[in-house]
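Once you know that position 172 of the sequence shown is 172 in my numbering, the rest is easy, because the numbers rise by one and skip nothing.
C-beta: ideal position from N, C-alpha, C; glycine also.
Since this is a predicted model, take the numbers as computed values, not measurements.
Quick notes on the structure that follows.
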Amino acid sequence: LVVREDIPVVDGVDVAQACTGAVADLAAAKKSLATMRRPTARDRKNVALPGEVVDTIEQVCATIGFGHAAKDSETNVVTLDGPNGSYKAAVTAHPSGECRVTAHLWRYQSLSSLGRRALAVFLLTANGLVRFARAGIERSRHSTSALFEVRFSGPPSAALMETALSALAVACGVCGRELDVLSDDSVARRYLAAREAVPAKEAAA
1 LVVREDIPVV DGVDVAQACT GAVADLAAAK KSLATMRRPT ARDRKNVALP
51 GEVVDTIEQV CATIGFGHAA KDSETNVVTL DGPNGSYKAA VTAHPSGECR
101 VTAHLWRYQS LSSLGRRALA VFLLTANGLV RFARAGIERS RHSTSALFEV
151 RFSGPPSAAL METALSALAV ACGVCGRELD VLSDDSVARR YLAAREAVPA
201 KEAAA
């Protein structure tokens, strides 16, 4: 497993500051990986082998040691435990064969344009850290959600599902707490200023 963060070297970017931030991000990712529970012998009993295509998410979760609960005939909810708390990932198998694994990190009932911009920049940055899972924003009439997801065109093997859930667990552990504060405009403004993604006039407001 290789975790890396890309730093664009262009005019106006403080490379030293960006490197310091990257080191902190990688340290957080390493901590998340180190605290993930490894499957026990009991977990591995009567379950599918890694690399084998399985029919049920129960077998996959038993193989890798994640708890789960069935939500309905198509969706299972998997518990992702990390150093900064627990998150839920929805594993949805569609009739077409597509499988979607989604973890909603935070749901904002009200978010200003400044907050939405900060959220977008934060998630784009996170995409450079967690490669297998992709960050995104889901908007409805009443809320805006920050999420990470992995999509498969067909039923994934146990090994692929393990990779997907592990990537989501790392993403949630690294990004969950930061997303909690971006609804505060003063925090969002400072964050954007640090990333040089907000005009100087707005940063000084």
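Check                                                                                                                           : Outcome
Whole-number beta carbon distance between C99 and A90, since they are thought to touch under 8 Å                                : The pair is not a contact, with the Cβ atoms about 11 Å apart (cut-off 8 Å).
H68, buried or exposed, once every other Cβ within 10 Å from all chains shown has been counted against 16                       : buried
Boundaries of the alpha helix (DSSP H) in which G173 is found, first to last residue                                            : 158-181
Sequence-distant residues of the same chain with beta carbon closer than 6 Å to T75, five excluded per side                     : A90, T92
Three CB pairs or more closer than 8 Å across the segment 133-146 and the segment 103-118                                       : yes
Terminal residues of the alpha helix (DSSP H) in which A113 lies                                                                : The sequence given here places Ser at residue 113; Ala does not occur at that position. That run of the alpha helix (DSSP H) goes 113-127.
Within 8 Å, strictly: CB atoms of A171 and F152                                                                                 : no
DSSP state of D185 mapped onto helix, strand, coil                                                                              : helix
Touching by the beta-carbon criterion (3+ pairs, under 8 Å), the segment 164-184 and the segment 122-134                        : yes
Bridge-paired residues (DSSP) for Y87                                                                                           : L80
For L147, the residue or residues it bridges with in DSSP                                                                       : H104, G136
Contacts around H142, its chain only, beta-carbon distance under 8 Å, and the 5 residues preceding and following it disregarded : Q109
Bridge-paired residues (DSSP) for F152                                                                                          : C99
Residue from L111, C61, V130, G173 whose Cα sits closest to the Cα of V187                                                      : L111
Rounded separation between F132 and V150 - CA only                                                                              : 7 Å
Beta-carbon separation (whole angstroms), G65 vs P155, contact threshold 8 Å                                                    : Not confirmed; about 21 Å, so no contact.
Per-residue burial, S166 [other beta carbons within 10 Å of its own, 16 or more giving buried]                                  : buried
Candidates A193, L160, E58: closest to V77 by CA position                                                                       : E58
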